[in-house]
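Notes follow the structure.
In my numbering, the protein residues as written are 195 to 451.
Right, here's the structure in full:
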């Protein structure tokens, strides 16, 4: 919603955005006309969190690769991690970010018996039952699986690059269902090629659709999804309800004008 449309809506007092981000609204123009812009954080959090757990399992257990091979008539038994396929029980899963999505991922993983470490410098109240990592480096060095759930900002852009992948356990796995800009893609490709990482599972990319020449498409230790984690029927149908609940809760006791 741009400035021109906001100017024409003379009686407009609030704009509801059925997503967490506000990039589709001209915030400066809205503020100039005292129009409140209200997001809907967490609208597809459950969808993305469920998908994240699915990607973790698909990558470490070779589910997608085994499926593809069988569709091609091959009963495949050998993979990059053959002889080292892990179970989640007892493994350390490092979560970078514990917002709506990261918090649900942690909850979903608890029954697997994982050790759950969290790095989130923006989180004030830390929930019980999770281990807080003082630094990103500490989390990376300790984790068997790292999954990232941060917002993309100037401060978080490429927060995972060559130095960070080098600090991870050799043979660890990396999962990204957040934003590709959080990660230096070139560094991730190199970490997968040289064996620093055992594997990765990705739903977001710098260029979408992924170009045919992208090295991700040549790697046998990465599970790829076409930016579909948050796309569920429930996420779309529940968004208006979540927004209405948020709007009513924040305006219920405000005096009418």
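Glycine is no exception: its CB is placed at the ideal position from the N, C-alpha and C atoms.
Contact annotation: the region 294-308 touches the region 235-245, with at least three C-beta pairs closer than 8 Å.
When DSSP states are grouped into helix, strand and coil, residue 295 belongs to the helix group. The DSSP-derived three-state label of residue 237 is coil.
In the DSSP assignment, residue 341 falls within the unbroken beta strand (DSSP E) covering 339-342. Around residue 327, the same chain offers 288, 311, 312, 313, 333 and 336 as residues with beta carbons nearer than 8 Å, after the five sequence neighbours per side are excluded. A check of alpha carbon separations from residue 282 across 259, 340 and 317 identifies 340 as the nearest. Under the 10 Å beta carbon count, residue 358 is surrounded by 16 or more other beta carbons and is classified as buried.
Note that the C-beta distance between residue 369 and residue 413 is not below 9 Å.
By the criterion of a C-beta distance shorter than 6 Å, residue 356 is surrounded in its chain by 381, once the five residues flanking it on both sides are discounted. As computed with DSSP, residue 250 is found in no beta bridge at all. Membership of residue 369 in the beta strand (DSSP E) is indicated by the continuous run 366-370.
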